[in-house]
Amino acid sequence: MIFARPLMAHPASNMPPRAEHLRFVAGTAVGLLAAGIGASYTVFARWGITHGLQSPDLTVLRFGVAGVLTLPVLLFAWRRDAAAFLARWRAWLLVALLAGAPFGLLMFGALQFAPASHAAVFPFTAMSVMGMVLGALVLGESLSARKVAGIVIVLAGLLLLSGVDATSFTARAAVGDAMFLTAGTLWAGFGIVLRKQRLDPLLATAVVSLSALLTYVPAYLLLVGPSRLMQAAPLVFWTEVLVQGVIAGTGTLFTYAKVVAMLGSARAAVFPALAPGLAALLAWPVLGHVPAVAEAAGLVVAMSGLILAVASPTRHRAIPFNCRSLLMEKHKTLADQLAEYKAGFKQRVAPERVTMMEAATADLRASGVEARAVQVGASAPDVTLPDAMNRPVRLSDLWRRGPVVLIFYRDGWWPQETSRRTRPEPVRSSAF
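Taken in order, the sequence shown gives residues 1 to 432; the numbers are from UniProt numbering.
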């Protein structure tokens with residue numbers, strides 16, 4: 001059996017400190033990019049509405065353009081290994097339901113009931129809180145006091161930024177708020193599924209986009225019709241195609257999925273909360289809206305909470321006591337252990353059997369098999385094999401996520417492999 005798993009930066013990772021730090025910095029940069037994309041999508045949606053478009057028109061551009069652009073990704077995955085792709089159909093269905101058309105319909109539908117100020121608070125509250133809670137419950141991610149405090153500060157910044165007042169909480173608004181909270185919870189669940197199933201971010205983006213293309217776009221054409229899009233000014237239409245379809249449609253899903261893979265679902269869920277504050281800044285040059293003092297203060301508070309929550313130190317899982325004691329001891333090298341095993345073997349086994357096995361080994365070496373074997377530095381063949389749950393795993397899918405370690409474990413009778421697996425190694429042992 002072959003055991004293979006990519007080395008990922010998660011709470012139990014043994015990635016070297018420098019590599020883990022670089023991964024954290026890169027993940028934070030991608031998270032900020034995701035928040036920036038969310039802000040641009042919001043601001044240009046308001047810009048498009050002021051030029052005659054409506055929410056359903058912008059949604060169809062987002063789903064339709066993204067679905068067409070990412071279709072080649074799905075076709076490539078299908079041609080490469082259709083069986084492996086279909087074997088994960090449950091995971092693909094889940095991400096499509098969590099981040100596809102249902103999410104978009106809830107977000108835009110909620111605006112028909114609740115004021116826009118609530119849209120800057122409730123969905124992002126659900127994303128952050130549920131991302132943190134589900135990450136702890138489902139994935140076992142750490143739920144530190146510092147992370148909780150950071151998210152509370154982020155939510156306080158959102159309240160300050162949005163300017164929500166008590167008079168806006170009506171029975172009608174409660175319906176929209178419930179839809180916002182549901183949408184945010186779906187998005188948090190999307191991050192959990194990505195992390196738990198270790199889905200490829202680009203392929204997940206393609207699956208979600210195609211599902212929305214096949215469900216929302218036909219419904220829009222049937223119930224609404226493309227008249228408003230056809231009557232829109234060319235500048236407005238193509239600007240929204242670029243922002244809603246190309247940048248937001250594909251970029252939002254991909255960057256968020258990438259952050260989940262790099263930092264974990266709990267940390268990733270905090271970044272969308274920055275979108276309203278960044279949107280307030282972007283609205284200045286695009287819409288001519290000068291940010292108020294409360295909006296600027298809310299963004300500063302939210303950024304402070306983000307730094308506190310995301311930059312909280314990663315806590316590695318405790319190693320069991322017996323393993324810890326073994327790791328702290330000074331072990332003999334594997335070569336020394338094998339030499340001892342060989343000497344003991346010759347003492348336990350009859351001389352004629354030792355002679356027979358040594359002769360067989362000499363014949364094997366004389367056959368030239370060592371020269372024909374895969375050498376150090378050679379490219380490994382791309383194979384698809386079942387994992388411990390009998391799910392197909394393709395080696396190239398793991399390569400794209402980072403370095404991969406393979407173990408070829410023959411059986412308990414094979415002394416070299418038994419020695420390797422009974423002797424913990426600080427760097428690699430937790431990767432399998």
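We put the CB at the ideal spot given by N, CA and C, even for glycine.
{"query": "Counting Cβ pairs, one atom from each stretch, are 3 or more of them under 8 angstroms apart for the region 58 to 72 and the region 289 to 309?", "result": "no"}
{"query": "Distance check for G140 and T239, CA to CA, integer angstroms please.", "result": "42 angstroms"}
{"query": "If you compare alpha carbons, which of A378, G377, P392 is closest to residue 434?", "result": "Nothing in the structure corresponds to residue 434, since the chain is present only between 1 and 432."}
{"query": "Is it buried or exposed for G225, if we count other Cβ within 10 angstroms and need 16 for buried?", "result": "exposed"}
{"query": "Span of the alpha helix (DSSP H) holding L242?", "result": "No alpha helix (DSSP H) holds L242; DSSP gives it neither H nor E."}
{"query": "Is the beta carbon of D177 less than 8 angstroms from the beta carbon of A83?", "result": "no"}
{"query": "From the DSSP output, which residues share a beta bridge with T255?", "result": "Note: T255 sits in no beta bridge, so no partner."}
{"query": "Quick check on L143: does DSSP put it in helix, strand or coil?", "result": "coil"}
{"query": "Just tell me which of F169, A26, W284, K258 has its CA closest to the CA of L194.", "result": "K258"}
{"query": "By a C-beta neighbour count over all protein chains shown, 10 Å radius and 16 as the cutoff for buried, is I49 buried or exposed?", "result": "exposed"}
{"query": "Is it buried or exposed, K147, if we count other Cβ atoms within 10 angstroms and call 16 or more buried?", "result": "buried"}
{"query": "From this set, G298, W89, M303, P285, which residue's C-alpha is nearest S40's C-alpha?", "result": "P285"}
{"query": "May I have the straight-line CA-CA distance separating T59 from G104, to the nearest angstrom?", "result": "7 angstroms"}
{"query": "Return helix, strand or coil for L385, following the three-state DSSP convention.", "result": "strand"}
{"query": "Drop a sphere of 10 angstroms on the beta-carbon of P276, count the other beta-carbons inside from all chains shown, and report buried for 16 or more, exposed for fewer.", "result": "buried"}
{"query": "Pair every Cβ in the region 227 to 241 with every Cβ in the region 21 to 38, then say whether three or more of these pairs are closer than 8 angstroms.", "result": "no"}
{"query": "To the nearest angstrom, report how far apart A350 and N390 are at their CA atoms.", "result": "42 angstroms"}
{"query": "Jot down the residue ranges of each uninterrupted beta strand (DSSP E) in the region 172 to 204, minimum 3 residues, whole runs only, in chain order.", "result": "none"}
{"query": "Tell me the rounded alpha-carbon separation between R400 and D336.", "result": "36 angstroms"}
{"query": "Inspect the beta-carbon positions of G191 and A268 and report whether they are closer than 8 angstroms.", "result": "yes"}
{"query": "What residue range is occupied by the uninterrupted alpha helix (DSSP H) comprising R80?", "result": "55 to 87"}
{"query": "Report the rounded CA-to-CA distance for E20 versus V175, giving the unit in angstroms.", "result": "43 angstroms"}
{"query": "Tell me whether the beta-carbon of V241 lies closer than 8 angstroms to the beta-carbon of V65.", "result": "yes"}
{"query": "Would you kindly work out how many angstroms separate the C-alpha atoms of W89 and E358, rounded to a whole number?", "result": "51 angstroms"}
{"query": "Using only alpha-carbon positions, find the residue among S367, A96, A311, H51 that is nearest to S144.", "result": "A311"}
{"query": "Could you have a look at R394 and say whether DSSP puts it in helix, strand or coil?", "result": "strand"}
{"query": "Measure the alpha-carbon distance for F432 versus V293 and round it to whole angstroms.", "result": "Because the pLDDT of F432 is 33, which lies under 50, any placement of that residue in the model is unreliable, and the number read from its coordinates should be weighed accordingly. Rounded to whole angstroms, F432 to V293 spans 52 angstroms at the Cα level."}
{"query": "Run through DSSP, which three-state label would V349 get?", "result": "coil"}
{"query": "For A309, which of D382, V154, S211 has the nearest alpha-carbon?", "result": "V154"}
{"query": "Could you check the C-alpha separation between A360 and A91 for me, to the nearest Å?", "result": "49 angstroms"}
{"query": "Check F122 in the structure and name its three-state DSSP category.", "result": "helix"}
{"query": "Would you mind reading off the limits of the alpha helix (DSSP H) that contains G109?", "result": "101 to 110"}
{"query": "So A101 and F63 are supposed to be a Cβ contact under 8 angstroms. How far apart are they, rounded?", "result": "7 angstroms"}
{"query": "Using only the alpha-carbon positions, how far apart do L395 and A156 sit?", "result": "45 angstroms"}
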